[in-house]
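Worksheet for the structure shown next.
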Amino acid sequence: MSVIVSNLTKIYGTQKAVNNISFEAKKGEILGFLGPNGAGKTTTMKMITCFIPQSEGKISVCGYDVEENPMEVRRRIGYLPEHNPLYLDMYVKEYLLFVAGLHKVKNKIAAVTEMIERTGLGIEQHKLVGSLSKGYRQRVGLAQAMLHDPDVLILDEPTSGLDPNQLIEIRKLIRELGQEKTVIFSSHIMQEVQALCDRVIIINQGNMVANDTIAVLQNNVSKEQQVTVTFLKNVNEHQLRACAPIRTLKKLGDNNYLITTLSEKDIRPAIFHFAVQEGNVLLEMHQKISTIEDVFQEVTNYSEA
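Each residue of the sequence shown is one higher than the one before, counting from 1 in UniProt numbering.
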């Protein structure tokens with residue numbers, strides 16, 4: 001395993017920011033690290049990257065313990081923090097050459113040129129970092145994180161500030177990197193998590209509340225089926241209720257209903273058969289599929305006011 005976290009805890013005074021969490025992340029995997037604001041995501045990432053020490057527990061990166069061999073760990077990690085720290089008075093290419101020097105990268109110019117191309121910084125490379133938009137600063141942060149070809153990438157909100165076109169490009173880059181490296185990233189954009197992640201960890205108030213593939217988490221979030229259906233003509237609601245193990249029937253509009261059931265069996269064929277028997281026509285029928293957002297809200301005990 002590239003990253004192994006065992007019984008990790010971080011305590012600030014009387015506050016337990018991270019509470020006894022354990023997980024593993026392997027090479028060739030994109031791991032989504034999610035949680036509400038203040039849940040402990042950034043604190044965990046800072047401990048993995050040796051920025052702050054843990055109070056209890058163990059962290060191993062590529063076989064090196066973060067306490068016993070912090071420099072070896074740093075050599076194998078590329079880190080983009082949530083608040084991207086950059087030297088604003090340096091030019092983009094100048095800054096990346098400086099970072100390459102810190103990492104003692106062989107053939108710095110070739111490495112920087114390649115990274116500028118991969119992150120789409122070509123037209124901005126001769127500008128001051130301080131003059132760039134937030135989106136391009138994020139690209140510079142990604143470039144510096146990847147410049148020394150690390151085995152593990154820790155990305156805290158990597159797509160913050162990117163426009164829709166930039167999002168597509170950076171997601172593609174992260175997906176490519178995930179095929180050859182271990183990528184752990186946090187994001188509040190659930191569609192991004194759904195599109196990129198092989199597996200998801202969710203923490204809430206310092207505790208790990210979910211750790212599995214997205215497919216498994218979606219299947220477990222709720223056994224309730226929800227189907228919206230629109231008929232051409234009026235229906236007998238009593239007979240509609242009798243056609244399947246319907247739990248609730250809510251009228252949304254003219255001949256439009258929201259149907260829920262706890263049955264694991266798909267109820268759509270029964271509804272279709274009902275319409276045929278009644279000489280009615282189904283104009284629309286949609287089954288709601290649980291999303292990672294539904295999972296997130298359920299395991300973090302979110303409820304709408």
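Positions of the beta carbon are idealized from the N, C-alpha and C atoms, including for glycine.
Glycine 279 and valine 295 have their alpha carbons spaced roughly 39 Å apart. Approximately 7 Å separates the beta-carbon atoms of serine 2 and valine 61; this is inside 8 Å, confirming the contact. At a cut-off of 4 residues, the continuous stretches assigned as alpha helix (DSSP H) that sit fully inside the segment 154-229 are 164-177, 190-196 and 214-221. For lysine 41, there is no enclosing beta strand (DSSP E); the enclosing alpha helix (DSSP H) has its first and last residue at 41-48. Of the candidates Tyr87, Tyr64, Asn20 and Gly206, the residue whose Cα lies closest to the Cα of arginine 76 is Tyr64. Three or more Cβ pairs closer than 8 Å define a contact, and the segment 242-257 falls short of that threshold against the segment 202-221. Only residues of its own chain outside the window of five on either side were considered, and among them Arg137, Gln138 and Gly141 have a CB closer than 7 Å to the CB of asparagine 84, listed in chain order.
Judged by DSSP secondary structure, threonine 261 falls within the beta strand (DSSP E) whose first and last residues are 256-261. Where leucine 97 is concerned, the enclosing alpha helix (DSSP H) starts and stops at 92-102. Rounded to whole angstroms, asparagine 20 and valine 5 show a C-alpha spacing of 10 Å.
In this structure, the alpha-carbon of lysine 172 lies about 15 Å from that of glycine 32. Short of 6 Å from the beta carbon of isoleucine 11, and not among the five residues preceding or following it, lie these beta carbons of its own chain, in chain order: Ser55.
In this structure, the beta-carbon distance from glycine 35 to isoleucine 203 falls below 8 Å. Relative to methionine 285, the option among Leu240, Asn255, Val227 and Ile292 whose CA is nearest is Val227. Proximity of the segment 257-272 to the segment 183-199 falls short of the contact definition, fewer than three beta-carbon pairs being nearer than 8 Å. With contact defined as three or more Cβ pairs closer than 8 Å, the segment 102-118 and the segment 144-156 are in contact. With contacts defined by Cβ atoms closer than 8 Å, glycine 206 and lysine 58 do not form a contacting pair. The beta carbons of threonine 182 and alanine 25 sit closer together than 8 Å.
Within the same chain, Cβ atoms closer than 7 Å to the Cβ of proline 81 are found at Asp156, the five residues on either side in sequence being excluded.
Nearest to leucine 177 by alpha-carbon distance, out of Asn234, Lys233, Lys27 and Val112, is Lys27.
Contact between isoleucine 30 and isoleucine 168 is absent: CB atoms are separated by about 16 Å, not below the 8 Å threshold. In this structure isoleucine 259 is not in contact with valine 235, their Cβ atoms being roughly 11 Å apart against a cut-off of 8 Å.
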